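In case it helps, this note's numbering puts the sequence shown at residues 3 to 195.
Using N, Cα and C, we set each Cβ at its ideal position, and we do this for glycine too.
All values reported here derive from a predicted model rather than from experimental measurement.
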Amino acid sequence: MPATRSSIKIHPVTPERWGDFETLFGPRGACAGCWCMWARKPRAQYLRDKGDGNKRTMKRLIASGVEPGVIACVDGQPAGWCAVGPREEYPGLGGSRILAPVDDKPVWSITCLFVARPYRRQGLSTELIRAAVKLAKSKRARLIEAYPHETKTDHAPDAFIWTGTLSAFRKAGFKEVERRSPGRPIVRLAIPR
């Protein structure tokens, strides 16, 4: 049954929400031991820490008071996640020619969207994006950037669209600003003061 807006609650991830985050990501860390660390670590370190190392790093980050994203619960069950933070907190983006900075403007980046299987294809990604923008705005962000996939079909393998789909970001008001690869646009949303 599709989630209704009234049954969806989205919160910043805080130490009190670690249990929800851990439940959502499950024993595999959402995807192959990532624990949403792919962009937060240089590639070699990310690969070395896959699994428990990445989980420990994320737990320490959240325990430190950083709110690295938002988590959605549907009827009290963890259902989705969206990572957001200042681009400089994501050194993993730095080594990519496709995701290199567009300009020198200070931006916040949305680097990951993960929705649990029962809640996919119901619009939860767009809700999570909007909540991530709200969190970034509360921390004085003025420009949000994301790196979605543009798929030819809505049925691309989920493992390949962990940064979200272009259609979800468009629904949330983002506009394309750069494209260095056919299926990987860079999109932005300016936040009014």
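Inter-residue distance for Ala118 and Gly82 is about 6 Å (C-alpha atoms, whole angstroms). The three-state reading of DSSP puts Gly78 in coil, since its state is none of H, G, I, E or B. Going by C-alpha positions, Pro150 is about 22 Å away from Met60. With a minimum length of 4 residues, the unbroken runs of alpha helix (DSSP H) contained wholly in the region 166-191 fall at 168-173.
Residue Gly97 holds the alpha-carbon nearest to the alpha-carbon of Arg45 among Val179, Ala143, Gly97 and Val68. A straight-line Cα-Cα distance of about 17 Å links Ala134 and Asp22. Cβ contact annotation for Arg182 (same chain, cutoff 6 Å, sequence separation greater than five): Ile100, in chain order.
Under a 10 Å Cβ-count criterion, Leu49 is classified as exposed, with fewer than 16 other Cβ atoms of the shown protein chains found around its own Cβ. Burial state of Thr25 is exposed, judged by a 10 Å Cβ sphere holding fewer than 16 other Cβ atoms. Straight across, the Cα-Cα distance linking Asp106 with Arg89 is about 11 Å.
The C-alpha of Ala34 lies about 33 Å from the C-alpha of Ala192.
Beta-bridge analysis with DSSP links Lys11 to Cys75. The region 112-129 makes contact with the region 163-176; the number of CB pairs closer than 8 Å reaches 3 or more. DSSP, read as helix, strand or coil, puts Trp20 in helix. If you check the CB distance, Arg19 and Ile73 come in under 7 Å.
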